[in-house]
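Visitor: Encoded as structure tokens, here's the structure I'll be asking about.
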Amino acid sequence: MTTDTILVIGANGQIGSVLTEALRNHFGEDRVIPSDIRQPEHHIGHFELLDVLDPDRLGALVDKYRITQIYHLAAVLSAKGEQAPLPTWDINMKGLLNVLEVSREKKIAKVFYPSSIAVFGPSTPRVNTPQSTVMQPSTVYGISKVAGELWSQYYNLRYGLDIRSVRYPGIIGYQSMPGGGTTDYAVDIYHKAVLGQAFECFLREDTRLPMLYMDDAIRGTLALIDAPSEKITIRTSYNLSGMSFTPAEISLEIKKHVPGFQVSYKPDFRQAIADSWTQSIDDTVARRDWGWNPRFDLALMTEDMLRHLGEQYQVAGF
Ligand code: SER
């Protein structure tokens, strides 16, 4: 039985909500304290309101529950960030610095902080992007994640904080909806397909991006957290790869199951963000250090997504 007690910040979000459930299964129901800036619609067990820009409240929660691990998932993502660059910087950076400082002061044993493929930019090698490479992103979200990776590494080197991170690609899952990202279309498209609706894609049909199924993302995150500290050779953030596809390719895969599915394309400002990112990721170092090994490809993910969403919407035939 673990003695760890875990605070999840941003627990209502696309990844936070699923990770909270997984952590409860992994560490025990009572050992996980979800928190977010808003009350969730429904919750069982603990929940705490927390604005990550309030370090006193963060510190008080750590004391109240004797927190030993923090998962900091609260952030404004790529597309939403471009609508309000300076507030996004404040939330993403001050939020992280509050988590780092409270973790240092209160001797938190482990911190998880996700980075993103948004750290890459137009000058990064686009295919099989290496672990260590040029990072000159063009979004405020990307800039905040590059800075965040370096601050994480700084706290590890300077104070010995055991902080771990992965660069998530676009995450696709049936359990929750994404918000404010450029890869969000790849979740929405499945909902439209199951509901029998046409889908209008905000990216061009040939826009190839790295993606990862939620189940793999969660499994990988837990594996990274469980790995012995001496195995962790990267304290900025690990490249993580699952699959890469274009809107045309995911549409074709869905049409194998939903033959009449209609997809049209109307690229908007998110096209430029997607074009600035890379297409596929080299995750050799994560595989070597802590055994990363994704299970889902586009075909398997599509079957699983459609089956679960068919159940959720009570639509027969999936
Ligand atoms: N899914 C994120 C986004 O699109 C990438 O980290 O912003």
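Per my numbering, the sequence shown runs over residues 123 to 440. All residues carry an ideal CB built from backbone N, CA and C; glycine is no exception. Note that the coordinates shown come from a computational prediction; the quantities given were computed from them, not determined experimentally.
Closer than 8 angstroms by C-beta to R88: which residues in its own chain qualify, once you throw out the five before and the five after it? Chain order, please.
Guide: What is shown of the chain runs 123 to 440, which leaves residue 88 out entirely.
Visitor: Less than 7 angstroms separating the Cβ of T305 from some heavy atom of the ligand SER?
Guide: Walking along the sequence shown from the start, residue 305 turns up at place 183. For the ligand SER, at least one heavy atom lies less than 7 angstroms from the Cβ of T305.
Visitor: Out of I340, P207 and T261, point me to the one whose CA is closest to S139's CA.
Guide: In the sequence shown, residue 139 corresponds to position 17, counting from 1. When only C-alpha atoms are compared, the closest one is I340.
Visitor: Curious, which full-length alpha helix (DSSP H) runs of at least 4 residues does the region 193–258 contain?
Guide: Segments of the alpha helix (DSSP H) lying fully in the region 193–258: 200–203, 207–211 and 217–227.
Visitor: From Y312 to L431, what does the alpha carbon distance come to, in whole angstroms?
Guide: The residue labelled residue 312 in the question sits at position 190 within the sequence shown. The residue labelled residue 431 in the question sits at position 309 within the sequence shown. Taking the straight line from one Cα to the other gives about 8 angstroms.
Visitor: For G270, count neighbouring Cβ atoms within 10 angstroms of its own Cβ and tell me buried if that reaches 16, exposed if not.
Guide: Here residue 270 is taken as the residue at index 148 of the sequence shown, counted from 1. Counting Cβ neighbours within 10 Å, G270 comes out buried, since at least 16 surround it.
Visitor: Who are Y360's beta bridge partners in DSSP?
Guide: Indexing the sequence shown from 1 puts residue 360 at position 238. Answer by DSSP bridge pairing, in chain order: V288.
Visitor: For L346 versus I403, is the C-beta distance shorter than 8 angstroms?
Guide: For this step, residue 346 is matched to residue 224 along the sequence shown. For this step, residue 403 is matched to residue 281 along the sequence shown. Taking 8 angstroms as the Cβ cut-off, L346 and I403 do not qualify as a contacting pair.
Visitor: Are the region 261–281 and the region 314–327 touching by the rule of at least three beta carbon pairs closer than 8 angstroms?
Guide: Not touching, per the Cβ criterion.
Visitor: Count Cβ pairs between the region 189–203 and the region 123–136 that sit closer than 8 angstroms; are there 3 or more?
Guide: The answer is yes - the region 123–136 touches the region 189–203, with three or more Cβ pairs under 8 angstroms.
Visitor: Using 7 angstroms as the cut-off, classify the Cβ of L199 as near or not near the heavy atoms of the ligand SER, replying yes or no.
Guide: Numbered from 1 along the sequence shown, position 77 holds the residue referred to as residue 199. Yes, since a heavy atom of the ligand SER falls inside the 7 angstroms radius drawn around the Cβ of L199.
Visitor: P259 and A240: beta carbons closer than 8 angstroms?
Guide: For the purposes of this step, residue 259 is taken as the residue at position 137 of the sequence shown. For the purposes of this step, residue 240 is taken as the residue at position 118 of the sequence shown. Yes, Cβ-Cβ distance for P259 and A240 is below 8 angstroms.
Visitor: Given that a residue counts as buried once 16 or more other Cβ atoms are within 10 Å of its Cβ, and exposed if not, what is T305?
Guide: The residue given as residue 305 occupies position 183 in the sequence shown. That one is buried.
Visitor: With respect to the beta strand (DSSP E) encompassing F321, which residues constitute its N-terminal and C-terminal limits?
Guide: Locating residue 321 in the sequence shown gives position 199, where the first residue counts as 1. Counting along the chain, the beta strand (DSSP E) containing F321 begins and ends at F321 to C323.
Visitor: Between the alpha carbons of H148 and D158, how many angstroms are there, rounded?
Guide: Taking the first residue of the sequence shown as 1, we reach residue 148 at position 26. Taking the first residue of the sequence shown as 1, we reach residue 158 at position 36. Distance between the alpha carbons of H148 and D158: 21 angstroms.
Visitor: So is the beta-carbon of G292 under 7 angstroms away from any non-hydrogen atom of the ligand SER?
Guide: Along the sequence shown, read from residue 1 onward, the residue named residue 292 stands at position 170. Result yes, Cβ under 7 angstroms from the ligand SER.
Visitor: Going by beta carbon distance, what residues of the same chain come within less than 8 angstroms of F391, once the five residues before and after it are set aside?
Guide: Start at 1 with the first residue of the sequence shown, and residue 391 comes out as number 269. Closer than 8 angstroms at Cβ, skipping near neighbours: A201 and E204.
Visitor: Nearest-angstrom Cα distance between V385 and S373?
Guide: Here residue 385 refers to the residue found at position 263 when the sequence shown is read from its first residue. Here residue 373 refers to the residue found at position 251 when the sequence shown is read from its first residue. Rounded to whole angstroms, V385 to S373 spans 7 angstroms at the Cα level.
Visitor: Helix, strand or coil: which one does DSSP assign to Q191?
Guide: Working through the sequence shown from its first residue, we reach residue 191 at position 69. Note: Q191 maps to strand in three-state DSSP.
Visitor: Out of G150, S398, S359 and P236, state which residue places its alpha-carbon closest to the alpha-carbon of P247.
Guide: Position 125 of the sequence shown holds residue 247. Of the listed residues, the one whose Cα sits closest to P247 is S398.
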